[in-house]
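Quick note: the sequence shown uses my numbering, first residue -7, plus one each step.
No residue lacks a Cβ here, since even glycine has one placed at the ideal position from N, Cα and C.
Before any comments, here is the structure.
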Amino acid sequence: MEDKIWGVIELGDGEVQFRQLGDLNLWFKYRNEEIWIAHCYTGNFEGEQSAGELPEGVRWSRWAHKNAYQNIRIEPAHADLPLIVHSEYSLKVSPRTDIKVFCRVPLWISIVIADDGYKLAEFPVHQLPKTWFGTRLEGELCYHTTTKASRNLSEVQPAPHLITCPVTIANRSNVTLNFEHFCFRVARLGIFLHENTLWADETQITYRGEGQNSDVVMTGKLPKGITQQMQLSKPRRKIQSSLATRTFKHFIEDTLTLG
């Protein structure tokens, strides 16, 4: 069922529809001119989830919408906060050197009214802890992930609940960049479907040196074989040509990771 999750779901009156992706389990139905949605995460409740009865403790949320629209559309979305992405292994990038990595980040599921695009709800496919990226005086809230940035995807198994994001990192400083992890701001990227794999457009990060902001550019460049016609979702936020922001230095370590 995972490979058929995207697109329109026709909700028959009283009929329960079930979808599962990653750890996320979703139930939908239409009743009394309302759209009902329930969700839970695998591991939080005992037993195998299905389109039958909801697990004990899971409750329906109900939406009444104008014109009593009956069909919903399921769309992939990027995270609503930046992600801390770790390198597959510690890598030293010498000055004036460019590397390309592929980050496979967990996605969110967005549920909208099919007829007018009104967003009802959205959920991450995995529950992620939050952490603070920056100093104690300045920084931003992020999700802490187990995602790894890989140099080569040939040995990585595709997964329908992950988005593959190509990232070019350019060291334009006079010192070696110790590439261990970075803050990945995914909200300005689109999502594309190619051969049952979700992809994002390219991000370019230029490192200027310790303590300095990096230049981050969402190029809009698509991986080979992917076209604009394959786009499933637009970016959460309006794309800017570039950002100057702290990207590589994670000052406060995981002792301050939040639940």
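message = DSSP has Asn144 in a bridge; who is on the other side?
response = Paired residue(s): none; Asn144 is not in a bridge.
inquiry  = To the nearest angstrom, how far is the alpha carbon of Glu26 from that of Val77?
reply    = 40 Å
key: CB contact flag (Arg96, Ile155, <8 Å)   = yes
query = Among Gly39, Phe37, Leu18 and Glu38, which one has its Cα closest to the Cα of Ile29?
reply = Leu18
query = beta strand (DSSP E) containing Ile155: first to last residue?
reply = Residues Leu154 to Asn163.
inquiry  = With DSSP as the reference, identify every bridge partner of Val85, one or two as the case may be.
reply    = Leu169
First and last residue of the uninterrupted beta strand (DSSP E) at Glu2 = Start and end: Gly(-1) to Glu2.
ask   = How long is the line joining the alpha carbons of Leu3 and Pro227, rounded to whole angstroms?
value = 27 Å
inquiry  = Quick check on DSSP: helix, strand or coil for Val117?
reply    = Coil.
key: Alpha carbon of Ala69 to alpha carbon of Ile91, nearest angstrom   = 27 Å
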